[in-house]
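Note sheet for the following structure.
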Amino acid sequence: MQLNPNIILLHNKDYMIHDKGTSKYYKIDKLVFDFLCNVKDGNEVQKDGQYDELVTFLYSNGILYEDQDAGKRNSNDVPVKPKKNFQLTQIDLIGIDLNNFLDKHNNITKFFCSEYLAVIYRISLTLSLIVTILCIGFLIMNWHEFVHVLSESMSLKQGVIAYFSLFIITIFHEFGHIMQCKKYAGYVGRCGIMLYFLFPVLYTDITITNSLIKKEKSIVIMAGVKNQLLVNGVLGIIVILQNLFQGQWNDILIILFLLNTIMILSNLNPFFKYDGYWLLCTKIGVERLYSKAIGCVFNFRQYSDNSKNEKRLFVYGVSLILFYILSWGITISYIYFLLIERIGPFYTMSIILVLSLLILYEIFNRYKENK
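According to my numbering, the residues represented by the sequence shown are 4 to 374, in order.
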């Protein structure tokens, strides 16, 4: 028998295995962990009755390979990606493994996760929140003035600068997840770029935090938003001081401040599969909330008692479906107005029809998962 090269053995507070091919995590005990370590190291494994059920499970989930396949694979093989259900709302584009890099350069983790820096971080967050609130109030008080400046001075060059600045802020957001996940879980999953509702976003796989207590998991989830709040604090101070002492509006910084604020609120939205969604899952103790909530909506009449938890899932599921329709409605409308003058109504409507069918197919798959 041979260990699948996709499999990573993890040991921090718990014993776990991570299948990088399917992005699945399995919580195991020390006996299973030692067994897999022996398989990985090529040590002789005792084959007796007590391991039969375990070995069957490991084979059936692709964690182990048959001996006859061992000659075809070795530890240097590139893992074969298993087939996954297509999801139009989440299309993975690029992914990298940062965990090995952080293991080799553990001084980076030690520095950013030190207690000394944590104290400075908490103080800076408090100040940034105050500055953000003050800056929003300051902009509201001077609304007509800065809107007039933006409408006159915004150029293509400034738009490009703002776009790439937001990309850097997003990287800083993911950096927060990565560092806190490495600190508390000792491991961080795949990081990369995906299309979410056909818009490019960065992501970090922090599924391993399911093994953490709620407080630690919540810290990891909120780390990205907190980093964005720090950025808002810096931007807010510059915007306010520059206007008070120089009587000028820095249009690029104002745009960055406003867009970053919108991004923070979007990240906290529990209907997007962003930080707010994962935080809600953690707080109410429900995994795969999307699928379970949608399944609850379609199967609500089948429940005999309709418990309080099921009613909450039903309300969230209905809200999620409505939000889903609204989000795709906006996306499809954008595509329609973008293409109608370029390729004509026939091809535009054909593309929209295909997209609509794919959306319905994905919703059906989510429902089928919990049927």
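Beta carbons: idealized from backbone N, C-alpha and C, even for Gly.
All values reported here derive from a predicted model rather than from experimental measurement.
State the DSSP-derived secondary structure class of Asp254, mapped to helix, strand or coil.
As a position in the sequence shown, residue 254 is number 251, starting the count at 1. When DSSP states are grouped into helix, strand and coil, Asp254 belongs to the helix group.
How far does the alpha helix (DSSP H) with Lys113 in it extend, from its first residue to its last?
As a first step, residue 113 must be located in the sequence shown, where it is residue number 110. First-last of the alpha helix (DSSP H) with Lys113: Asn109 to Phe115.
May I have the straight-line CA-CA distance separating Val58 from Tyr18, to the nearest angstrom?
Here the question's residue 58 lines up with position 55 in the sequence shown. Here the question's residue 18 lines up with position 15 in the sequence shown. Their backbone Cα atoms lie some 17 Å apart in a straight line.
Run of the beta strand (DSSP E) containing Gly279, from where it starts to where it stops:
Along the sequence shown, one-based indexing puts residue 279 at 276. Gly279 -> not in any beta strand (DSSP E); alpha helix (DSSP H) instead, spanning Asp278 to Ile287.
Using the Cα positions of Phe192 and Phe349, report the straight-line distance between them to the nearest angstrom.
Mapped onto the sequence shown, residue 192 falls at position 189. Mapped onto the sequence shown, residue 349 falls at position 346. In the sequence as displayed, the identity of residue 192 is Gly instead of Phe. Going by C-alpha positions, Gly192 is about 43 Å away from Phe349.
Decide if the segment 174-193 is in contact with the segment 224-231; the criterion is three or more beta carbon pairs, one per stretch, under 8 Å apart.
Touching, per the Cβ criterion.
Under 9 Å between C-beta atoms of Tyr187 and Ile243:
Looking up residue 187 in the sequence shown gives position 184. Looking up residue 243 in the sequence shown gives position 240. No, these two residues do not count as a Cβ contact at 9 Å.
DSSP-derived helix/strand/coil call for Thr25
One-based indexing of the sequence shown puts residue 25 at position 22. When DSSP states are grouped into helix, strand and coil, Thr25 belongs to the coil group.
So, with DSSP's three-state summary, where would you put Gly298?
Position 295 of the sequence shown, counted from the first residue, corresponds to residue 298. Helix, per DSSP.
CA-CA distance, Ser310 and Phe317?
Position 307 of the sequence shown, counted from the first residue, corresponds to residue 310. Position 314 of the sequence shown, counted from the first residue, corresponds to residue 317. Distance between the alpha carbons of Ser310 and Phe317: 10 Å.
Should Ile172 and Leu259 be called a contact, given that it needs their Cβ atoms to be closer than 9 Å?
Sequence index remark: in the sequence shown, residue 172 carries index 169 (1-based). Sequence index remark: in the sequence shown, residue 259 carries index 256 (1-based). Yes.
Within 8 Å: the Cβ of Leu198 and any heavy atom of the ligand NAP?
This structure does not include the ligand NAP; it has no bound ligands of any sort.
Take Leu205 as the anchor and find which of Asp95, Asn263, Asn302 and Tyr68 has the nearest alpha-carbon.
On the sequence shown, position 202 is the one that residue 205 refers to. The closest CA to that of Leu205, considering only Asp95, Asn263, Asn302 and Tyr68, is found on Asp95.
For the alpha helix (DSSP H) containing Leu238, list its first residue and its last residue.
Taking the first residue of the sequence shown as 1, we reach residue 238 at position 235. Start and end: Lys217 to Gln249.
Straight-line Cα distance separating Lys113 from Leu215:
Numbered from 1 along the sequence shown, position 212 holds the residue referred to as residue 215. Numbered from 1 along the sequence shown, position 110 holds the residue referred to as residue 113. Just so you know, the alpha carbons of Leu215 and Lys113 end up roughly 19 Å apart.
Rounding to the nearest angstrom, what Cα-Cα distance links Asn253 and Cys40 in this structure?
By 1-based counting over the sequence shown, the position of residue 253 is 250. By 1-based counting over the sequence shown, the position of residue 40 is 37. One C-alpha to the other measures close to 58 Å.
For the alpha helix (DSSP H) that Gly192 lies in, which residues bound it at each end?
Sequence index remark: in the sequence shown, residue 192 carries index 189 (1-based). That residue, Gly192, is in no alpha helix (DSSP H); it is neither H nor E in DSSP.
Simplified DSSP state of Asp44, which is helix, strand or coil
Along the sequence shown, one-based indexing puts residue 44 at 41. DSSP places Asp44 within a helical segment (H, G or I) once states are collapsed to three.
List the whole-angstrom C-beta distance separating Ile31 from His21, where the pair is believed to meet the contact cut-off of C-beta under 8 Å.
On the sequence shown, position 28 is the one that residue 31 refers to. On the sequence shown, position 18 is the one that residue 21 refers to. About 11 Å separates the Cβ atoms of Ile31 and His21, ruling out a contact at the 8 Å cut-off.
Using the beta-carbon count (16 or more within 10 Å), is Trp146 buried or exposed?
For the purposes of this step, residue 146 is taken as residue 143 along the sequence shown, with counting starting at 1. Flag for Trp146 reads exposed.
Measuring alpha carbon to alpha carbon, tell me which of Pro273, Gly236, Gly195 and Ile111 ends up nearest Ile126.
As a working note, residue 126 is residue 123 in the sequence shown. Residue Gly236 holds the alpha-carbon nearest to the alpha-carbon of Ile126 among Pro273, Gly236, Gly195 and Ile111.
Tell me the DSSP secondary structure of Pro273 in three-state form.
Position 270 of the sequence shown, counted from the first residue, corresponds to residue 273. In the displayed model, Pro273 falls within coil according to three-state DSSP, outside both helix and strand.
When burial is assigned at 16 or more other CB atoms within 10 Å of the CB, is Lys295 buried or exposed?
As a working note, residue 295 is residue 292 in the sequence shown. Buried: at least 16 other Cβ atoms inside 10 Å.
Determine the DSSP secondary structure at Leu13, reduced to helix, strand or coil.
Sequence index remark: in the sequence shown, residue 13 carries index 10 (1-based). Of the three classes helix, strand and coil, the one that applies to Leu13 here is strand, per DSSP.
Per DSSP, what are the beta-bridge partners of Met197 in this structure?
As a position in the sequence shown, residue 197 is number 194, starting the count at 1. DSSP, once it has assigned bridges, lists Asp95 and Val204 as partnering Met197.
Between Ile255 and Ser131, is the Cβ-Cβ spacing less than 9 Å?
Translated into positions along the sequence shown, residue 255 becomes position 252. Translated into positions along the sequence shown, residue 131 becomes position 128. Taking 9 Å as the cut-off, the Cβ atoms of Ile255 and Ser131 do not count as close.
Could you spell out the range, first to last residue, of the alpha helix (DSSP H) harbouring Arg291?
Within the sequence shown, the letter at position 288 stands for residue 291. Premise fails: Arg291 is in no alpha helix (DSSP H) and is neither H nor E.
Taking Cβ to Cβ, would you say Ile328 is nearer than 9 Å to Ile338?
To locate residue 328, count along the sequence shown from 1; it is residue 325. To locate residue 338, count along the sequence shown from 1; it is residue 335. Their beta carbons are not under 9 Å apart, which means Ile328 does not touch Ile338 by this criterion.
Delimiting residues of the alpha helix (DSSP H) encompassing Gly65
In the sequence shown, residue 65 corresponds to position 62, counting from 1. Premise fails: Gly65 is in no alpha helix (DSSP H) and is neither H nor E.
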